[in-house]
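> Let me begin by handing over the structure; questions about it come next.
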Amino acid sequence: MSKGVTPQSENYAKWYTDVVQKAELADYSPVKGCMVIRPYGYALWENIQAELDKMFKETGHVNAYFPMLIPEGFLKKEAEHIEGFAPELAIVTHAGGKKLEEPLVIRPTSETIIWAMYKKWINSYRDLPLLINQWANIVRWEMRTRMFLRTTEFLWQEGHTAHANAEEAMEESLKMVHVYQNFAEQYMAMPVIVGKKTENEKFAGAIDTFTIEAMMGDKRALQSGTSHYLGQNFAKAFDVTFQNESNEKEYVYASSWGVSTRLIGALIMTHGDDKGLILPPRIAPYQVVIVPIYRDNEAKSTVMTYIETITNELKSQGVRFHLDTREALSPGYKFNDWEMKGVPLRLEIGLRDVEKGNVVVFRRDNAEKIIETKDAFCASITRLLETIQKSMFENRKAFREENISNISNYDELKIATEFGGFARAFWAGTDEEEKQIQKETKVTIRCIPLEQSGKSGTCFYTGKQTTKQVVLAKAY
RNA sequence: CGGGGCGUGGCGCAGCCCGGUUAGCGCGCCUGCUUUGGGAGCAGGAAGUCGGAAGUUCAAAUCUUCUCGCCCCGACCA
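As numbered in our numbering, residues 1 to 476 make up the first sequence, in order.
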């Protein structure tokens, strides 16, 4: 394996795949478009899962599991839904050595199977709201795949909720996009813009789609999570009704929301540099890695004994650490290796530190190396990790602000987004005009931010007066 | 599906144009000794039916035809 990765400036896409493989997050599988998530990458996913799962439960949701195989007919019940997903379905036609009576679709998302079940479970307003989440794998046969960002099979969570009225379903949908925002910003240190998708970009079968949009290191946008207000679309398709308090039959209102292993791609491209990954402490598999340095067995035993006093302290403080005891690898090799893997803090500990009661601390996010006493380090480690977490977020937020331009005409849009970069503008165009812009420039309206200035201005494309502001960018 | 690239020990590549004896190189791996504060050194060693099939030829990694697969760029999408 060669040293290092392709520099971002040379080829960002190559840099990305290099990092994925050299940080041992994932590897290609024998099946096109599929990947193997390796232990280090999976540990990252487990941490993402754990935090999100906590948040879902705190907001009143419970987990369940629905099957992966769905009768083909189910997909066809919601017209827009099937139209949106038909091209990317994987369908099982044979099983048990026989051709199936009705083909089974491998879920591309679970609205249909879940609403088929909700029909059985929901009768009265007393059964509502129904707030279910599931952690699952899904398959979408995409034409072009990229590790984590778009793989044929991927892991995600999908929440599917049922409500007695539109307001409550809408409120749920908005609540969850804000849960995603909170997770992205507080845990992934990734600033996002929360907004609504345009008609062109919304989910197949939704009335409204809300999104969190993040800026990657190459200044392109990545849709990092979505939450949909589904109205009564799926209730009508699956005939899910309930009796309200006035004893009237009514269709159930719905929301669905999800984030996927794409978040790992987002993490890589939000923070990574030419030395590899940079992980935010709150979700890093290891928050601290310790590299012992010694020449002989006597020194080794002295160093290791000293390290044990530190690891005991880290354990008691609940800090996730890893002691790199690999023999025959030089410290320099280990430094580079853990930098590639993005561990927030590295301790270098040798005889000279033991003698002085010191530790050498290296910060991955800003490459600062400081020497301090062991006691000072142990006393401040938790605070230091939080400092890093915060500083990574502020850093990325500043980067994003530097790369958002306010634009007032079409030429300015092209200039602002040609080599990445977000544009903010007034918009009063039609769906067709939006598509035309995409065709000509590859720029799309990423979202209509929920936070609007309220001011009125001139649409950059049509020249009409409007109060609607949008964010545009080239996206993944 | 359109465009580009690539299939040769685990990984990265050379060799192919111009066919010819034991298919090389770097990294990694194994053994031993010496090393260890920014990708260690020396010595010895294991490992490849050259993506697959058919053909041309006395002879194919190399030439011809077909085929399979993967990666990158686009359209589609979380």
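Beta carbons: idealized from backbone N, C-alpha and C, even for Gly.
Quantities reported herein were computed from a predicted structural model and do not represent experimental measurements.
1. On a CA-only basis, which of Gly-73, Lys-98, Glu-101 is nearest Ile-113? Give me that one, please.
2. Measuring only the C-alpha atoms, how far is Cys-34 from Arg-144?
3. Excluding the 5 residues flanking Val-19 on each side, which residues of the same chain have their C-beta closer than 7 Å to its C-beta?
4. Taking all protein chains shown into account, decide if Asp-411 is buried (16 or more other Cβ within 10 angstroms of its Cβ) or exposed.
5. In whole angstroms, what separates the C-alpha of Asn-406 from that of Ala-423?
6. Taking the runs of the beta strand (DSSP E) that are 3 residues or longer, which of them lie wholly in the region 41-83?
7. Enumerated in chain order, which unbroken segments of the alpha helix (DSSP H) with a length of 4 residues or greater are wholly contained in the region 273-336?
8. Rounded to whole angstroms, what's the CA-CA distance from Val-443 to Asp-274? Just pull it up for me.
9. In chain order, what residues of the same chain have a beta carbon less than 8 Å from the beta carbon of Tyr-187, not counting five sequence neighbours either side?
10. Strictly by DSSP, which residues pair up with Pro-449?
11. Taking just the CA atoms, how far does Lys-464 sit from Gly-429?
12. Please determine, among Gly-97, Ala-214, Gln-287, Ala-166, the residue with the shortest C-alpha to C-alpha distance to Asn-182.
13. Is any heavy atom in the ligand MN found nearer than 7 Å to the beta carbon of Glu-394?
14. Look at Ser-456 and Thr-441 and say whether their C-beta atoms are less than 8 Å apart.
15. Cutting at 8 Å between CB atoms, please list the residues of its own chain near Ile-91, excluding the five before and the five after it.
16. Which term fits Tyr-65, buried or exposed, when burial requires 16 or more other beta carbons within 10 angstroms of its beta carbon?
17. For a quick check, are the C-beta atoms of Tyr-476 and Glu-433 less than 8 Å apart?
18. Going by CA-CA distance only, name the one from Asn-63, Gly-217, Phe-234, Thr-311 that's closest to Phe-419.
19. Run through the DSSP bridge pairs and tell me what Ser-173 is partnered with.
20. Ordered along the chain, which non-local residues of its own chain (more than five positions away) have a Cβ less than 7 Å from that of Lys-14?
21. By how many angstroms is the C-alpha of Ala-376 removed from the C-alpha of Lys-197?
22. Which value, in whole angstroms, describes the spacing of the CA atoms of Gln-21 and Ser-408?
23. Return the residue from the list Ile-138, Asn-358, Tyr-118, Leu-347 that minimises the CA-CA distance to Glu-368.
24. Report back the beta-carbon spacing between Ala-164 and Asn-247 to the nearest angstrom; my notes put them in contact at under 8 Å.
25. Tell me, please, whether the region 247-258 touches the region 300-312 by the rule of three or more beta-carbon pairs shorter than 8 Å.
26. Quick check: Ile-290 and Leu-323, are their CB atoms within less than 8 Å of each other?
27. By Cβ distance below 6 Å, which residues in the same chain neighbour Met-1 in space, the five residues on each side in sequence not counted?
28. Could you tell me whether the Cβ atoms of Gly-350 and Arg-364 are closer together than 8 Å?
29. Within its chain, find whatever has a CB closer than 8 Å to the CB of Glu-83; leave out the 5 residues flanking it on each side and keep chain order.
30. In the DSSP assignment, find the alpha helix (DSSP H) that holds Asp-481 and state where it starts and stops.
31. First and last residue of the alpha helix (DSSP H) that includes Gly-33?
32. Can the beta-carbon of Pro-191 be found less than 8 Å from the beta-carbon of Arg-400?
33. Please report the straight-line C-alpha distance between Glu-153 and Gly-41, rounded to a whole angstrom.
34. Going by DSSP, name the residue or residues bridged to Phe-426.
Taking the geometry as given:
1. The shortest Cα separation from Ile-113 among Gly-73, Lys-98, Glu-101 belongs to Gly-73.
2. Those two C-alpha atoms are separated by around 11 Å.
3. If we look at Val-19 and ignore the five residues flanking it on each side, its Cβ neighbours are Val-5, Ile-268, Gly-272, Gly-276, Leu-277.
4. With fewer than 16 Cβ atoms within 10 Å of its Cβ, Asp-411 is classed as exposed.
5. Each residue's Cα considered, the two are about 6 Å apart.
6. Contiguous beta strand (DSSP E) elements confined to the region 41-83 occur at 69-71, taking only those with 3 or more residues.
7. Listed in chain order, they are 297-316.
8. When only Cα atoms are considered, Val-443 and Asp-274 end up about 27 Å apart.
9. Excluding residues within five positions, the ones whose Cβ falls inside 8 Å are Ile-48, Glu-51, Pro-280, Arg-282, Ile-283.
10. Assignment of beta-bridge partners to Pro-449 by DSSP yields Gly-195.
11. A direct Cα-Cα distance of roughly 8 Å separates Gly-429 from Lys-464.
12. Minimum Cα distance to Asn-182 is reached at Ala-214.
13. Summarising the ligand content, the structure contains no ligands, and the ligand MN is consequently not present.
14. Taking C-beta atoms as the reference points, Ser-456 and Thr-441 fail to come closer than 8 Å.
15. The residues are Glu-72, Pro-103, Leu-104, Val-105, Ile-106.
16. Exposed, by the Cβ-count rule.
17. For the 8 Å CB-CB criterion, Tyr-476 and Glu-433 do not form a contact.
18. Nearest of Asn-63, Gly-217, Phe-234, Thr-311 to Phe-419, Cα basis: Gly-217.
19. As far as DSSP is concerned, Ser-173 takes part in no beta bridge.
20. So the qualifying residues of the chain are Thr-6.
21. For Lys-197 and Ala-376, the gap between their C-alpha atoms comes out near 49 Å.
22. Approximately 42 Å, taken between the alpha carbons.
23. Nearest C-alpha to Glu-368 among Ile-138, Asn-358, Tyr-118, Leu-347: Leu-347.
24. Contact between Ala-164 and Asn-247 does not hold, since the beta-carbon distance rounds to 13 Å and is not under 8 Å.
25. The answer is no - the region 300-312 does not touch the region 247-258, with fewer than three Cβ pairs under 8 Å.
26. Result yes, Cβ atoms of Ile-290 and Leu-323 sit closer than 8 Å.
27. Interpretation of Met-1 is limited by its pLDDT of 41, a score under 50 that renders its predicted location unreliable; no figure is taken from the coordinates.
28. For the pair Gly-350 and Arg-364, the CB atoms are not nearer than the 8 Å cut-off.
29. Shown here for Glu-83: same chain residues with a beta carbon closer than 8 Å to its own, the five before and five after excluded, namely Ala-204 in chain order.
30. Residue 481 lies beyond the stretch modelled for the chain, which goes from 1 to 476, so this question has no answer here.
31. Element bounds for Gly-33: n/a, residue is neither H nor E.
32. The answer is yes: Cβ separation under 8 Å.
33. So the two alpha carbons sit approximately 16 Å from each other.
34. Answer is Gln-469.
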